[in-house]
Each structure stands twice: as C-alpha cells, then as structure tokens.
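Novice:
Chains as they are written, first to last, in the working numbering: chain U, 1 to 190; chain F, 1001 to 1270.
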C-alpha cells in the first residue's frame, strides 16, 4: 500500500495491522490540526503536546474505537483531542477554584476574544464566515462551549441565559453550520 | 436525565464536550441504542471538527519523535512532509529506550474484522445484509417476497451477463464503483431496489489457484460476505438486504473465509 495516497479508511485498517508507516501518515495528515486545537484550548504548549501524544498513541493502541459511522478520522481525532483537553481544563479550573476559594465567576462575557482568534486563521476563513453568520446567541454559546471548554451550564451562567436556551442554541447553531458547510462543500477535511 | 427529548436536547452540547459526566454517560449509553441520535451526533462532530481545524498549527519538531518512542516497536520514519503549509519537516526520531516490544505474531492477532467494522462508510446506516443468492431460513414475509423476486430474475433464460447489463442500464438501480487507493484497480457493481446485485466488471488480475476474490459489505455491524468471486471474477450475482454501506473486495484463501483476513483491494467510496 502506498501510504501517501491511501485513504484514511485504509490507513485505519493498516494501523489495525500495526503498520507503523500508516500511523506516521495519519500524524502527517492530522497532527497539525490536533496540536493546534489542543494548544488553542489549553494555551500551554507542553500540555498540548501531552494531549497530542495521548491521542495518537491511543489511536495506535485502539484503532477499533474509531467508528466511521460516527464521522471522519480527523473528526474522531479532533473529538478525542477536544475531550482530553477539556478534561484538563476542568481539572485545572477545579484546582484553581479550590486554591483560591473564590466564588467569583471567572467566565464573564468578553473574557474570551475567540472571534478574533478565529478571524486570524486565514486557513479557516470559510468556517469562520459561517460561524459569523450565526445569530449572536448561537455563536457565543458554541464558542464558549467548544473553544472555552465550558459546559452548557457554565455557558448559561456566563451569558445569563437559561440552560435550556443554551442547549437549544448550541444544537440549532451546529445544525445551521452543518447545513452551510454541506452546501458549500466545506465539511471537515478528512 | 429523563426522556428521549431531554437526551436529544443535549446532543449538540454532547458533541462539544459541554455536558457534565452524568449526562455524558447517559447520552453515550443512549447512542448505542439509537441510530437517529447517533447520526445527529456524527453530524455535530463534523461541524466541531471544522471548528477545530480552524486552530491548526505546526506541531513541534520533537513531538513525533516522542510519540514514536512510546509505540513500543522501535522508531518510525518521521513524516517528511507537513500536513499544513509552513510546517517544518520533523527530524528523525531518537532510538527507543526501554520501549515495550510486541512480537509480530502478537501484533498480527489484532482482529481485522473489528477494524473493518469500525471503518464502515461514515454516511451509511447500520444495515443487515444477507449472504448469497438465496437464504434458506427467511422468516419475514417481505424478505421472502424479495427473494422470490430475485429468484425470478435469475431464473430468466437470459445469461447473467445480459441481466447484469440490463440492470446497469436501468436508472432505477444504483451503480457502485469500487477502486483501489491508487486508482489502478477498479470494479463496478449494480444493485436493484429489491436487493439483487451484480458485480459487473473488474480490472483485478487473476489470482493463483489457491486464492479467491471475495466480496464484502462493511457496515458498523461488521464485515459480511456477499459471496466468493473466484480467482478471476466475471459477472457475479449477489444479494443484499437494506441499503448498501461499503462494498469491498479482498483476496482470500480458496473457498473463502467467514471474515476478511486481508486488506481490501478495492472499496466503494459511498
């Protein structure tokens, strides 16, 4: 198999046969996206590297956990990355809360200049454009949840909205984006 | 957590890891049982991935070397081309020290069938597919009717090549193209709405006498044999039940195997 031209699906199969070159190719294709997301969430290069390492080695050890019925390989790897990063964020947040014994809400509107960061990424112009077309409530909820690593309940507090409203806005915003991405042929690269 | 509606309302937040542990567990258990919700989460995850990709960045040079050290089977060849514009090539990894080495025999025990099942086409719905032209123990009247219809088709005096060509020309039928990664090999199949299928053509080279090609349907439920094609496949009939997921052809030992033992030579793309 020519790994460079192999589909992601066949790379997964090859990783299942302990084909190390296949894993190398998976990293070559998706390592930058994985690292970038972890760094974006954690804002700490060392922690981000740890997450990348965990995700890639986890995939090497258990490629069968990837289920293409639930999305593309890149989506799977990014979901793993997001989940692990969020776990770290929440653990770190909990530690800080304990240490500071602070009851203050440190997630205030405006603390996250996420939109500007997204805008700065030229490679994601179209996704940014679509995100920007969402109603403010949907966009803010998605940004705070995904890039801020917060639960919808925390987002509800931050935006001073009912939890049900935030749940609904996240879901409707994602659906709206999915429709736009599909129409534009700009779904997540696989 | 209570009720399906409550679970559904959380699917977006779940896809963004924005639910608490209890909710996450409840939804995960529900997804194992609910194909509709699974499909919705899959769509949300694709959007999340698009968002995540906006943050892509060059990974540090030494990161791959560190990963390679932990794989347990020696150093890997470093990726020589970056996945992103501007990403510098990674330096070769250092020699492993203290890595756990797993023998090749041990490694070969990883079940390919499970892996194949996990890489079924993303847009496909989990389906049930039957093996062969006629299955003896049908219990469902509708399925029996479909089989009768199919049996009637193949009982026609026309040759199988003629029937297959007619099926190919009928716009109501679905033509499925299979191809190798390189595009050097290909095959074409056609499936009727009632589930009758024909492998119409292929460019696969003849196999040695002790080998055979085998056709598979791969879904989230696993890889299911649709039939042994022989060492030099010509037009071959098969039968499927439900919508097609991924079709694949492997080369296996003579007589065929219950689950694929080799990587597909050609696969369908949808």
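In this text, a Cβ means the ideal position worked out from N, Cα and C, and glycines have one as well. This structure is a prediction, so every number in the text was calculated from the model and none was measured.
From the beta carbon of residue 62 (chain U), is the nearest beta carbon of chain F less than 7 Å away?
Specialist: Output row for residue 62 (chain U): interface = no.
Novice: Can you tell me where the alpha helix (DSSP H) with residue 1215 (chain F) in it begins and where it stops?
Specialist: No alpha helix (DSSP H) holds residue 1215 (chain F); the beta strand (DSSP E) holding it covers 1211-1219.
Novice: Buried or exposed: where does residue 4 (chain U) fall if 16 or more other Cβ atoms within 10 Å of its Cβ makes it buried?
Specialist: Exposed, since its Cβ has fewer than 16 Cβ neighbours within 10 Å.
Novice: Taking buried to mean at least 16 other C-beta atoms within 10 Å of its own C-beta, is residue 1025 (chain F) buried or exposed?
Specialist: When all chains shown are included, residue 1025 (chain F) counts as exposed.
Novice: Closer than 9 Å between beta carbons: that is the criterion. Which residues of the region 49-60 of chain U meet it against chain F?
Specialist: So the list reads 49, 52, 53, 56, 57, 60, given in the order they occur along the chain.
Novice: Which residues does DSSP pair with residue 59 (chain U) in a beta bridge?
Specialist: DSSP lists no partner for residue 59 (chain U).
Novice: Compare the Cα-Cα distances from residue 1229 (chain F) to each of F:1245, F:1064, F:1205, F:1062 and report the closest residue.
Specialist: Ranking F:1245, F:1064, F:1205, F:1062 by Cα distance to residue 1229 (chain F) puts F:1205 first.
Novice: Of all Cβ atoms in chain U, is any one closer than 7 Å to the Cβ of residue 1266 (chain F)?
Specialist: For residue 1266 (chain F), the answer is no, since every Cβ of chain U falls outside 7 Å of its Cβ.
Novice: Whole angstroms are fine: how far does the CA of residue 1263 (chain F) sit from the CA of residue 271 (chain U)?
Specialist: With chain U represented from 1 up to 190, any question about residue 271 (chain U) goes unanswered, as that position is not in the structure.
Novice: Could you spell out where the beta strand (DSSP E) holding residue 968 (chain F) opens and where it closes?
Specialist: Residue coverage of chain F in this structure runs from 1001 to 1270, which leaves residue 968 (chain F) outside it and unanswerable.
Novice: Which residues share a DSSP beta bridge with residue 1179 (chain F)?
Specialist: The partner list for residue 1179 (chain F) (beta bridge, DSSP) reads F:1186, F:1267.
Novice: Buried or exposed, going by whether 16 or more other CB atoms sit within 10 Å of the CB of residue 1004 (chain F)?
Specialist: Label assigned to residue 1004 (chain F): exposed.
Novice: Compare the C-alpha of residue 1254 (chain F) against each of F:1177, F:1170, F:1208, F:1052 and name the closest.
Specialist: When only C-alpha atoms are compared, the closest one is F:1208.
Novice: Helix, strand or coil, according to DSSP, for residue 1019 (chain F) in the structure here?
Specialist: Note: residue 1019 (chain F) maps to coil in three-state DSSP.
Novice: Between residue 1136 (chain F) and chain U, is there a C-beta pair that is closer than 7 Å?
Specialist: Low local confidence applies: a pLDDT of 29 at residue 1136 (chain F) is under 50, so the model's placement there is unreliable, with the coordinate-based value given in what follows. It does not; no Cβ of chain U falls within 7 Å.
Novice: At 8 Å on the CB atoms, spell out the chain F contacts of residue 71 (chain U), in chain order.
Specialist: 1042, 1045, 1046, 1049, 1122, listed in chain order.
Novice: I'd like to know whether the C-beta atoms of residue 149 (chain U) and residue 41 (chain U) end up nearer to each other than 7 Å.
Specialist: Cβ distance < 7 Å, so residue 149 (chain U) and residue 41 (chain U) count as in contact.
Novice: On the CB-based measure, 16 or more other CB atoms within 10 Å of its CB, does residue 1033 (chain F) come out buried or exposed?
Specialist: By the 10 Å Cβ count, residue 1033 (chain F) comes out exposed.
Novice: Would DSSP call residue 1055 (chain F) helix, strand or coil?
Specialist: If DSSP states are grouped into helix, strand and coil, residue 1055 (chain F) belongs with coil.
Novice: Between which two residues does the beta strand (DSSP E) carrying residue 1200 (chain F) extend?
Specialist: 1196-1202 is the span of the beta strand (DSSP E), which, as asked, contains residue 1200 (chain F).
Novice: Please list the partners that residue 157 (chain U) has in chain F, where partner means a Cβ-to-Cβ separation under 9 Å.
Specialist: The premise fails here: residue 157 (chain U) is roughly 13 Å from chain F at the closest Cβ pair, so nothing lies under 9 Å.
Novice: Output yes if chain F places a C-beta closer than 7 Å to the C-beta of residue 179 (chain U); else output no.
Specialist: No, residue 179 (chain U) does not count as interfacial toward chain F.
Novice: Considering just the uninterrupted stretch of the beta strand (DSSP E) at residue 1229 (chain F), what are its terminal residues?
Specialist: Residue 1229 (chain F) -> beta strand (DSSP E) spans 1222-1230.
Novice: With DSSP run on the structure shown, which of helix, strand or coil describes residue 49 (chain U)?
Specialist: Helix, per DSSP.
Novice: Using 7 Å as the limit for Cβ to Cβ distance, is residue 1181 (chain F) near chain U?
Specialist: Yes, because at least one Cβ of chain U sits closer than 7 Å to the Cβ of residue 1181 (chain F).
Novice: With 7 Å as the threshold, decide whether the Cβ of residue 1052 (chain F) is near any Cβ in chain U.
Specialist: Interface residue, yes.
Novice: Could you confirm whether any beta carbon from chain F is found closer than 7 Å to the beta carbon of residue 151 (chain U)?
Specialist: Output row for residue 151 (chain U): interface = yes.
Novice: Tell me whether residue 1029 (chain F) is buried or exposed, calling it buried when 16 or more other Cβ atoms sit within 10 Å of its Cβ.
Specialist: Under this definition residue 1029 (chain F) is an exposed residue.
Novice: How far does the beta strand (DSSP E) with residue 35 (chain U) in it reach, from first residue to last?
Specialist: Careful: residue 35 (chain U) lies outside any beta strand (DSSP E), inside the alpha helix (DSSP H) at 20-42.
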